[in-house]
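Comments concern the structure below.
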Amino acid sequence: MRTKKFLLLTVALALQCICLLAADFPEEENETYWGNISEIDLNTRASDFEVNKAATDIFDIRVDSLPKECQHLAIASSCSEVTECTKRSGYYNVTVLVEGYPKSYLVECDAHTEGGGWTVIQRRQDGSVDFYRPWNDYKYGFGDIEGEFFIGLEKLYALTNFHGPQELLILMENVTLTPENRIVSAHAKYNSFAIGCETEKYVLKRIGKYSGTAGDSLQYHVGYKFTTKDQDNDNRPGENCAITYSGAWWYKNCYQSNLNGIYGSKDNILSGINWKTWMGYNASLNYVQMMIRRRRI
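Under UniProt numbering, residue 297 is the last one in the sequence shown; the count climbs by one each step, no gaps.
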């Protein structure tokens, strides 16, 4: 359990975007997912994910205390390293060497899903945080780390380029239109994931092999730059996909996935949280969580 809350003082070293060509790492066979995806009761989901509804525009600055036997991990290099010792999910500081400079980040670590060691990079679950935001918000991150948030493209660039080959796991849920109000779940996993730096407009460089139950709605976006309502980097002439579909993503012309769309969108389903190969464009997903970790063979 969390034993104290304190202000975390960070010294921001300028991340000079000397873009390194990330090596193509050898692909391995797809791993087996943590279990069968099945329907779960809506009330169960609500109890599992109780959050502070008063989400803020900055991360809550809080860190879980480390057990005595894990004190040597006060400067851990990854969620995998710290959760292997603590055996629990939580909020921890991890330090990554970015072009020779140490960068310390507050992150949420998942110790249980499919073997654990995951760093949570994005979550949508209740619409408490506005995701229709400008470039700088997506660059530095926003939201409530205990609820809805986006980790920030600068951190995501560092974590996917200076921390070994990464894999990506996306968990999704949606309410079925039945009297029982059941929730169906699906996932998409990619055994490689990296984005470019800011001068490359945080281009989605690679995602590797797909496995899962949601279908592959991310491959379409590989090689395309990140677009927000105030930076049009997509491939659609004369139109900004972020404005048209009220989101921010690696839009092409325009999308097959839109996980930063409007939560609970009803007026325009195409502006919602969509994953084409699972629920199509006619359903805005109720829950999404994106996580990365160093790739496991």
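The C-beta atom is built at its ideal place from N, Cα and C for all residues, glycine as well.
- DSSP places Q71 in the helix class (H, G or I) of the three-state scheme.
- About 4 Å separates the beta carbons of Q256 and S217, which is inside the 8 Å limit, making them a contact pair.
- Residue pairing for A186: DSSP places it in a beta bridge opposite M172.
- Nearest in C-alpha terms to V96, of all of A76, D144 and H112, is A76.
- Of D110, V94 and H112, the smallest CA-CA separation from S104 is found for V94.
- By the 16-neighbour rule on beta-carbons within 10 angstroms, Y263 is buried.
- For C109, the enclosing beta strand (DSSP E) starts and ends at Y101 to D110.
- In this structure, DSSP gives L218 a state outside helix and strand, which the three-state scheme calls coil.
- DSSP, reduced to helix, strand and coil, places A76 within a strand of the structure shown.
- Cα atoms of P134 and I243: separation of roughly 11 Å, rounded to the nearest angstrom.
- For A194, DSSP records a beta bridge to R206.
- Taking 8 Å as the cut-off, the Cβ atoms of F150 and V98 do not count as close.
- If you look at L97, you'll find it in the beta strand (DSSP E) that goes G90 to V98.
- When the Cα atoms are used, N191 and R294 turn out to be separated by approximately 9 Å.
- Residue pairing by DSSP puts G143 in a beta bridge opposite F149.
- For the pair Y224 and Y251, the CB atoms are nearer than the 8 Å cut-off.
- Looking from the CA of A186, the closest CA among S78, V82 and Y287 belongs to Y287.
- In the DSSP assignment, M290 forms a beta bridge with Q122 and I170.
- By the 16-neighbour rule on beta-carbons within 10 angstroms, A74 is exposed.
- For Q71, the number of other beta carbons within 10 angstroms of its own is below 16, and it is reported as exposed.
- Partner residues in the beta bridge of G212, as assigned by DSSP, are A188.
- Counting only the Cα atoms, T86 lies some 7 Å from P67.
- Cα atoms of L156 and Y132: separation of roughly 19 Å, rounded to the nearest angstrom.
- DSSP, read as helix, strand or coil, puts I273 in coil.
- Non-local C-beta neighbours of A283 in its own chain, meaning closer than 8 Å and more than five positions away in sequence, comprise N174, I269, G272 and N274, ordered along the chain.
- For T244, the enclosing alpha helix (DSSP H) stretches over residues C241 to T244.
- Of the candidates S65, G208 and E154, the residue whose Cα lies closest to the Cα of R88 is S65.
- Counting of Cβ neighbours within 10 angstroms places R123 among the buried residues, the total reaching 16 or more.
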